[in-house]
Amino acid sequence: TIGMVVVGGSGTIASGTSTNGAVHKIPGRVGDSPIAGAGAYADSTAGGAAATGDGDIMMRFLPSYQAVEYMRMGTDPAVACQRVISRIQKYAPRFFGAVICANTTGSYGAACNKIPGFTQFHFMVSSPLLSQPTEQVVDCI
Amino acid sequence: ATALPLVINTWAFRKAAETAWKVLQLGGSELDAVERGCSQCEIDQCDGSVGYGGSPDESGETTLDAMIMDGNTMEVGAVADLRRVKNAIGVARKVIEYTKHTLLVGESASMFAVRMGFPYEDLTTPKSLSIYSKWLNQSCQPNYWKNVVPDSSKSCGPYKRPEKVSYKEEQTIKDLQRRVQNHD
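Protein sequences, first through last, are from chains A and B.
Each residue of the first sequence is one higher than the last, beginning at 1 in my numbering.
Each residue of the second sequence is one higher than the last, beginning at 1 in my numbering.
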């Protein structure tokens, strides 16, 4: 699954996802990606977020919506992402998942749930401060 | 330090980030950037989890899910369980532009896509077929069933609820299976 958040020059935000879903799924199964507030969310007055991972679990917690609401309250994007991961951890400690977050000023962050075999999350960032799109890594919590 | 504009995307899908960034540099909107960036991953079949030829379901078919959201208007376009159309996020964008709906699903979403000019084509590839046949040869493990007979942790289906299924339900299941099999 790819999840993307774009913050334009004037701070306006769009987000999106695309996926082919869970392998060997039961026909008809749909995960979090196409669900607004779960796979991705964007509000140009607060921020944008997108999620990837075990959609059957994550979609129940609307991670992207919740992360944007944290940013609306002034929470730093990295912390907003971490708080969303923590919320899900309480109910599903071994879920596989990660979230990217960005606010209207261009601050951004990411967070992921640490499970055996998944201790770091790689994501891409493009901005005027970077000479080219740059791969960044965050340690999972 | 922060600066705008900004593109951030999950995983090290570099070409998606480059494509989105280029769209912005050429004066495209944020929505255009998200659509084209994610479409790039659909074309590239990013790590097998995006686009055609990946993640076959229990019947061996690849279906696609996508959404796009405009943070100015709070409009959303989404497609789920999309069959036989490759550019899922492109279709999602058309849901915003040409309908008052938010989410279209399944074969009907495919019919909408065809009406919007998207090609109707097989999403299966030798890769997805081999993933599927390997899975069949390993007793359909792993799968997403539980509390069924036969034991889904040991064998393929078809699975049923353990308690006796009434004759009428049996007939319904048979009719459904017949209808689905005749489908394609």
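We put the CB at the ideal spot given by N, CA and C, even for glycine.
Please read all numbers here as calculations on a predicted model, not as lab measurements.
> Since Ala80/B contacts Val105/B with CB under 8 Å, what's their CB separation in whole angstroms?
Replying inline: Mapped onto the second sequence, residue 80/B falls at position 80. Mapped onto the second sequence, residue 105/B falls at position 105. That belief holds up - the Cβ atoms of Ala80/B and Val105/B are roughly 5 Å apart, short of 8 Å.
> Relative to the ligand SAM, is the shortest distance from any of its heavy atoms to the C-beta of Leu64/B smaller than 6 Å?
Replying inline: Absent from the structure shown: the ligand SAM. Ligands present: none.
> So, is the C-beta of Glu135/A closer than 7 Å to a C-beta in chain B?
Replying inline: Position 135 of the first sequence, counted from the first residue, corresponds to residue 135/A. Cβ-Cβ to chain B under 7 Å: yes for Glu135/A.
> Name the chain A residues whose beta carbon is nearer than 9 Å to that of Thr62/B?
Replying inline: Indexing the second sequence from 1 puts residue 62/B at position 62. Near Thr62/B (Cβ distances below 9 Å), the residues of chain A are Asn20 and Gly21.
>> Please report the straight-line C-alpha distance between Thr1/A and Gln40/B, rounded to a whole angstrom.
In response: By one-based count along the first sequence, residue 1/A stands at place 1. By one-based count along the second sequence, residue 40/B stands at place 40. Using only the alpha carbons, I get a separation of about 12 Å.
> Which residues in the same chain have their Cβ closer than 6 Å to the Cβ of Asp43/A, if we skip the five residues on either side of it in sequence?
Replying inline: By 1-based counting over the first sequence, the position of residue 43/A is 43. Only Val68 meet the Cβ criterion.
> Looking only at its own chain, which residues have a Cβ that is under 6 Å from the Cβ of His183/B, when we skip the five neighbours before and after it?
Replying inline: Mapped onto the second sequence, residue 183/B falls at position 183. Any reading at His183/B must be qualified, since the residue scores a pLDDT of 48, below 50, and its modelled position is unreliable; the value itself is stated next. Result list for His183/B: empty, nothing under 6 Å.
> Are at least three pairs of beta-carbons, each pair with one atom in the region 119-128 of chain B and one in the region 45-55 of chain B, less than 8 Å apart?
Replying inline: yes
>> Here's the rule: buried if 16 or more other CB atoms are within 10 angstroms of the residue's CB, otherwise exposed. What is Ile68/B?
In response: Looking up residue 68/B in the second sequence gives position 68. Its Cβ being crowded by 16 or more others within 10 Å, Ile68/B is buried.
> Which whole runs of the alpha helix (DSSP H) in the region 22-81 of chain B are 4 residues long or more, in chain order?
Replying inline: 30-44
> Can the beta-carbon of Phe61/A be found less than 7 Å from the beta-carbon of Ile100/A?
Replying inline: By 1-based counting over the first sequence, the position of residue 61/A is 61. By 1-based counting over the first sequence, the position of residue 100/A is 100. No, the pair does not count as a contact, with Cβ atoms beyond the cut-off.
> Since Met116/B meets chain A, which of its residues come closer than 8 Å, beta carbon to beta carbon?
Replying inline: What you label residue 116/B is simply residue 116 of the second sequence in a count that begins at 1. By Cβ distance, chain A contributes nothing, its closest Cβ being about 17 Å from Met116/B, past 8 Å.
> Quick one: what does DSSP say Lys15/B is sitting in, helix, strand or coil?
Replying inline: By one-based count along the second sequence, residue 15/B stands at place 15. In this structure, Lys15/B counts as helix in the three-state DSSP scheme.
> Checking contacts by CB at 7 Å: is Ile68/B closer than that to chain A?
Replying inline: The residue you call residue 68/B lines up with position 68 of the second sequence. Judged by the 7 Å Cβ criterion, Ile68/B is in contact with chain A.
> Would a check of beta-carbon distances place Leu136/B closer than 7 Å to chain A?
Replying inline: Within the second sequence, numbered from 1, the residue matching residue 136/B stands at position 136. False, the Cβ-Cβ gap to chain A never drops below 7 Å.
> Among all the DSSP beta bridges, which residues are the ones paired with Gln136/A?
Replying inline: Taking the first residue of the first sequence as position 1, residue 136/A is located at position 136. Beta-bridge pairing links Gln136/A to Phe123/A.
> Can you find a C-beta in chain A that's less than 7 Å from the C-beta of Glu30/B?
Replying inline: Position 30 of the second sequence holds residue 30/B. So, interface residue.
> In its own chain, which residues sit with a C-beta less than 7 Å from the C-beta of Gly3/A, not counting the 5 before and 5 after it?
Replying inline: Within the first sequence, the letter at position 3 stands for residue 3/A. Excluding sequence neighbours, Gly3/A sits near Thr17, Gly39, Ala40, Ala50, Ala51, Thr52 and Ile100.
>> Any beta carbon from chain A within less than 7 Å of Leu6/B's own beta carbon?
In response: On the second sequence, residue 6/B is found 6 positions in, with the first residue counted as 1. Yes - at least one Cβ of chain A is within 7 Å of the one on Leu6/B.
> Expressed to the nearest angstrom, what Euclidean distance is found between the alpha-carbon atoms of Pro133/A and Gln120/A?
Replying inline: Taking the first sequence and counting its residues from 1, the one referred to as residue 133/A is at position 133. Taking the first sequence and counting its residues from 1, the one referred to as residue 120/A is at position 120. When rounded, the distance between both Cα atoms is 19 Å.
>> DSSP three-state label for Ser139/B, please.
In response: Taking the first residue of the second sequence as position 1, residue 139/B is located at position 139. Of the three classes helix, strand and coil, the one that applies to Ser139/B here is coil, per DSSP.
> Given a limit of 8 Å on CB to CB distance, which residues of the region 7-18 of chain A reach chain B?
Replying inline: Val7, Gly8, Gly9, Ser10, Gly11, Thr12, Ile13, Ala14, Ser15, Gly16, Thr17 and Ser18
> Quick one: does Ile2/A have its CB under 7 Å from some CB of chain B?
Replying inline: Within the first sequence, residue 2/A is the residue found at index 2, counting from 1. By this cut-off, Ile2/A is an interface position.
>> So with CB distances below 9 Å, who are the chain A contacts of Thr2/B?
In response: Walking along the second sequence from the start, residue 2/B turns up at place 2. Per Cβ cutoff of 9 Å: Asn103, Thr105, Gly106, Ser107, Tyr108, Ser127 and Leu129.
> How would you label Leu129/B, buried or exposed, when you count the other beta carbons within 10 angstroms and need 16 or more for buried?
Replying inline: As a working note, residue 129/B is residue 129 in the second sequence. With fewer than 16 Cβ atoms within 10 Å of its Cβ, Leu129/B is classed as exposed.
>> Between Ala40/A and chain B, is the shortest Cβ-Cβ distance under 7 Å, so that the two count as touching?
In response: Locating residue 40/A in the first sequence gives position 40, where the first residue counts as 1. Yes, contact with chain B.
> Is there at least one Cβ from chain A nearer than 7 Å to Asp184/B's Cβ?
Replying inline: Within the second sequence, the letter at position 184 stands for residue 184/B. Low per-residue confidence applies at Asp184/B: pLDDT is 41, beneath 50, and the placement is therefore not dependable, though the value from the model is reported in the following sentence. No, no contact with chain A.
> Using a beta-carbon distance below 7 Å, is Phe112/B in contact with chain A?
Replying inline: Position 112 of the second sequence holds residue 112/B. At least 7 Å separates the CB of Phe112/B from every CB of chain A.
>> Against chain D, does Met124/A count as a neighbour if the rule is that its beta carbon must be under 7 Å from one of theirs?
In response: No chain D is present in this structure, whose protein chains are A and B.
> Rounded to whole angstroms, how far is the Cβ of Thr2/B from the Cβ of Thr105/A, which I believe are closer than 8 Å?
Replying inline: The residue labelled residue 2/B in the question sits at position 2 within the second sequence. The residue labelled residue 105/A in the question sits at position 105 within the first sequence. Correct: roughly 5 Å between the Cβ atoms.
> How many Å lie between Leu136/B and Gln177/B at the Cα?
Replying inline: Here residue 136/B is taken as the residue at index 136 of the second sequence, counted from 1. Here residue 177/B is taken as the residue at index 177 of the second sequence, counted from 1. Leu136/B and Gln177/B: Cα-Cα distance of roughly 19 Å.
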